[in-house]
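Below: the structure, in structure tokens.
In structure tokens form, the structure reads like this:
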């Protein structure tokens, strides 16, 4: 009979000992019974009995050690099986199940074109992004599948050469390119969701994002008043969403209040460029849009590269002032800020802007043979989504629509 030892069980409540282990335990049991036999017959031999008893205890401990080691081996084997990663990603469908968030068409916003007053044919601006410019009397440029619902969110970025001044008065000119483009898009493509960037940098003669004082510094109050007027004008023209990108303090509250005063706040989404960082990644776009500052830079009102705390404060501020969506720009170098945005705005959409410099870098590297363009476009965007974004503004949008379709 088996000696008393630790109960035999496995972590899942049952199991069978392997043949070698079972055979070894049986041999130990037979040996223990043979050693105990003399003590049963010769009860008058206490010394021998003690010796046999000690031997029996040793055998019992050996049996217990064997069983415990076997159980440890089983647990380790099962643990390795449970922790296996490979079997969970063997097929495309299985891999998709492991992704917390996957790119879909509805997540995409396309910064689709730069509008000019010219009536000439569309031409390519001097930019690595090679995004087409078009006149407002032509059909909307570079909008794939115009009769279908695929492009739902074109974000309009205007150019108005020859009409720039210190106050950016052409920004909300009723006959200007942006207002005309909004009306044209609403008329021809009613299924489009039109988001309009709101800033003065494309319209001011100095190229800065607001109205300046005599010493060249930004006048925050005058800038906010002007930008909020422009936002309301775009909303009245038919924009579904206005997206102030100027980074002036208090502009979200000012825009929200004016939308309420005009009685249109209920039908206009307010998306804030809450965490917009300064840097060189905007270069291709600024060259194409003609919005490079004529002096200085924008470091005094856009966030510094390492300003994570400032970004968090800006997001808290804009949410409190009434933003419906908060945006992080650029995206790829600021994934931690996107994660912060998702934490701060738990129950609201988070947008991330993959800017022209990011787009140009991916294109340049793909052209040099460093990697496949499609593979890197998806990889970079999925990283943005994984960080917490629910909306992605990307120049890859037309290609994504085709890739996702196929």
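Residue numbers (the working numbering): 186 to 591.
Every residue gets a Cβ at the ideal spot worked out from N, C-alpha and C, and that includes glycine.
Nearest neighbour of residue i, chosen from the options [CA to CA]
i           : options               : result
residue 378 : 359, 387 and 425      : 425
residue 497 : 521, 279, 517 and 399 : 521
residue 404 : 351, 464 and 449      : 351
residue 505 : 459, 539 and 374      : 459
residue 532 : 363, 552, 508 and 406 : 508
residue 448 : 421, 249, 427 and 525 : 421
residue 384 : 407, 416 and 367      : 416
residue 453 : 467, 427 and 551      : 427
residue 423 : 451, 367, 431 and 467 : 367
residue 396 : 375, 381, 382 and 431 : 431
Cβ-based burial, residue i [other Cβ within 10 Å; buried from 16]
i           : result
residue 462 : buried
residue 394 : buried
residue 555 : exposed
residue 353 : buried
residue 279 : exposed
residue 255 : buried
residue 465 : exposed
residue 565 : buried
residue 582 : buried
residue 548 : buried
residue 436 : buried
residue 587 : exposed
residue 389 : buried
residue 250 : exposed
residue 355 : buried
Nonlocal neighbours in the same chain, by C-beta distance under 8 Å from residue i, ignoring five residues either side
i           : result
residue 523 : 513, 516, 535, 537, 569, 572, 573 and 574
residue 584 : 559 and 562
residue 289 : 589
Residues of its chain near residue i, where Cβ-Cβ distance is below 6 Å and the 5 sequence neighbours each way are ignored
i           : result
residue 413 : 439, 440 and 443
residue 418 : 357
residue 186 : Only weak support is given to the placement of residue 186: the predicted model assigns it a pLDDT of 40, under 50, and the value that follows is read from those uncertain coordinates. Once the five neighbours on either side are set aside, residue 186 has no close Cβ partner at all.
residue 286 : 570
residue 525 : 497
Rounded straight-line distance, which links the Cα of residue j to that of residue i
i           : j           : result
residue 518 : residue 445 : 36 Å
residue 488 : residue 429 : 15 Å
residue 579 : residue 527 : 19 Å
residue 563 : residue 557 : 10 Å
residue 567 : residue 576 : 11 Å
residue 295 : residue 410 : 28 Å
residue 363 : residue 590 : 31 Å
residue 400 : residue 373 : 46 Å
residue 402 : residue 540 : 26 Å
residue 258 : residue 456 : 57 Å
residue 503 : residue 359 : 29 Å
residue 609 : residue 433 : Nothing about residue 609 can be read from this structure; the chain reaches only from 186 to 591.
residue 594 : residue 510 : Because the chain spans 186 through 591 in this model, residue 594 falls outside it and cannot be assessed.
residue 408 : residue 553 : 43 Å
residue 529 : residue 501 : 7 Å
residue 277 : residue 451 : 42 Å
residue 345 : residue 550 : Low per-residue confidence applies at residue 345: pLDDT is 46, beneath 50, and the placement is therefore not dependable, though the value from the model is reported in the following sentence. Roughly 32 Å separates the two Cα atoms.
residue 375 : residue 381 : 16 Å
residue 349 : residue 467 : 21 Å
Sequence-distant residues of the same chain with beta carbon closer than 7 Å to residue i, five excluded per side
i           : result
residue 398 : 404
residue 293 : 338, 577, 579, 582 and 585
- Does the stretch 541 to 556 come within contact of the stretch 491 to 505, defined as at least 3 CB pairs closer than 8 Å? Counting Cβ pairs under 8 Å, fewer than three are found: no touch.
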